[in-house]
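Here our numbering runs 6 ahead of the position in the sequence shown, where the first position is 1. Glycine included, C-beta positions come from ideal geometry on N, C-alpha and C.
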Amino acid sequence: MFESALLVVAAASGAIAAVTGFGIGSVLTPFLALHAGTKTAVAAVSVPHLIGTALRFWRLRANVDRGVLWHFGLMSAAGGLGGALLHSSLASPALTIVFGALLVFAGASHVTGFARRLRFHGSVAWVAGAASGFFGGLVGNQGGIRSAAMLGFGLRKEAFVGTATAIALLVDGARMPVYVAVEWRQVAAIWTLVLVATAGVLGGTLAGERLLSRVPERHFRQVVGMTILLLGLVTLAGPSTAGLIP
């Protein structure tokens with residue numbers, strides 16, 4: 007029964023990520039944590055996250071905005087690693103609440119159109135990347151806050167998802183050696199669940215591509231904003247779910 011539910015949740019997370027550029031870790035990790043514990047779930051979900059992100063990147067590679075990737079993306083990855091190193095010593099329920107409130111504000115701003123005039127250029131892109139990455143790494147959930155910042159570049163939907171995916175892939179490459187070194191025994195013990203989750207994410211990713219093509223360009227920012235808003239509300243409702251992967 008749990009495996010069947012895991013497959014459905016994994017497919018949903020893959021579909022969400024295919025439309026918004028984030029969501030696999032945010033959706034799948036807390037569900038798997040019900041069975042394996044948060045620490046092991048974070049490491050285990052990194053496997054389907056990496057594979058699903060790689061598939062999404064391959065299919066959207068032509069849409070990646072290289073300027074945003076190198077200016078914003080590299081600083082986001084570096085900031086995320088810096089925040090992750092401080093996660094165990096500085097993370098707290100109060101910080102998670104602040105983080106959730108920021109997500110709610112950012113999501114609501116884009117849903118209502120309040121943030122429509124926000125644009126990042128030059129050094130602002132570097133600062134936005136470092137700040138969003140650091141705070142996301144500090145709390146343990148980088149995808150939502152990174153996408154909220156990326157909306158400031160005004161990218162078309164395919165470029166937005168493709169670039170967000172490329173940045174997530176950079177982060178995945180940096181963190182996987184850590185998980186392999188620290189949690190490989192625990193992850194190996196639930197390898198069947200990892201396979202089920204991976205299959206679900208891959209299926210959801212392919213299905214989500216069709217959903218992305220059906221989202222009107224003029225409504226794309228609102229769709230991403232609503233997803234960020236919901237993530238913020240979930241974060242506020244359950245601060246103990248902090249520790250998710252980007």
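- Task: Find out if the Cβ-Cβ distance for the pair residue 30, residue 59 is shorter than 9 Å.
- Result: Here residue 30 refers to the residue found at position 24 when the sequence shown is read from its first residue. Here residue 59 refers to the residue found at position 53 when the sequence shown is read from its first residue. Cβ distance < 9 Å, so residue 30 and residue 59 count as in contact.
- Item | CB contact flag (residue 221, residue 54, <9 Å) | Indexing the sequence shown from 1 puts residue 221 at position 215. Indexing the sequence shown from 1 puts residue 54 at position 48. No, Cβ-Cβ distance for residue 221 and residue 54 is not below 9 Å.
- Query: If you draw a straight line from the C-alpha of residue 150 to the C-alpha of residue 177, how long is it?
  - Reply: Along the sequence shown, read from residue 1 onward, the residue named residue 150 stands at position 144. Along the sequence shown, read from residue 1 onward, the residue named residue 177 stands at position 171. Those two C-alpha atoms are separated by around 14 Å.
- Message: I need the DSSP call for residue 108, collapsed to helix, strand or coil.
- Response: Residue mapping note: residue 108 aligns to position 102 of the sequence shown, counting from 1. Reduced to three states, the DSSP call for residue 108 is helix.
- Message: For the alpha helix (DSSP H) containing residue 2, name the first residue and the last one.
- Response: Since the first residue shown for the chain is 7 and the last is 252, residue 2 is missing from the structure and cannot be characterised.
- With 16 other Cβ atoms within 10 Å as the buried cut-off, status of residue 218: Mapped onto the sequence shown, residue 218 falls at position 212. Label assigned to residue 218: buried.
- Query: Residues in its own chain within less than 8 Å of residue 167 by CB, not counting five upstream and five downstream?
  - Reply: Counting from 1 along the sequence shown, the entry for residue 167 is found at position 161. Cβ neighbours of residue 167 beyond the five flanking positions: 24, 25, 26, 27, 62, 66, 69 and 218.
- Task: Using a threshold of 9 Å, state whether the C-beta atoms of residue 111 and residue 141 are closer than that.
- Result: Position 105 of the sequence shown holds residue 111. Position 135 of the sequence shown holds residue 141. Against a cut-off of 9 Å, the Cβ pair of residue 141 and residue 111 comes out as no contact.
- Task: Closer than 6 Å by C-beta to residue 246: which residues in its own chain qualify, once you throw out the five before and the five after it? Chain order, please.
- Result: On the sequence shown, position 240 is the one that residue 246 refers to. In this prediction, residue 246 has a pLDDT of 47, which is less than 50 and means its spatial position is unreliable; what the coordinates show is noted afterwards. Cβ neighbours of residue 246 beyond the five flanking positions: none.
- Message: With distance defined between alpha-carbon atoms, name the residue in 227, 216 and 101 nearest to residue 154.
- Response: Stepping through the sequence shown from its first residue, residue 154 is reached at position 148. The candidate whose alpha carbon is nearest that of residue 154 is 227.
- Hey, quick one: how far does the alpha helix (DSSP H) through residue 255 stretch, first residue to last? Coverage of the chain is limited to positions 7 through 252, which leaves residue 255 absent and any answer about it impossible.
- Message: Please report the straight-line C-alpha distance between residue 8 and residue 192, rounded to a whole angstrom.
- Response: Here residue 8 is taken as the residue at index 2 of the sequence shown, counted from 1. Here residue 192 is taken as the residue at index 186 of the sequence shown, counted from 1. Roughly 18 Å separates the two Cα atoms.
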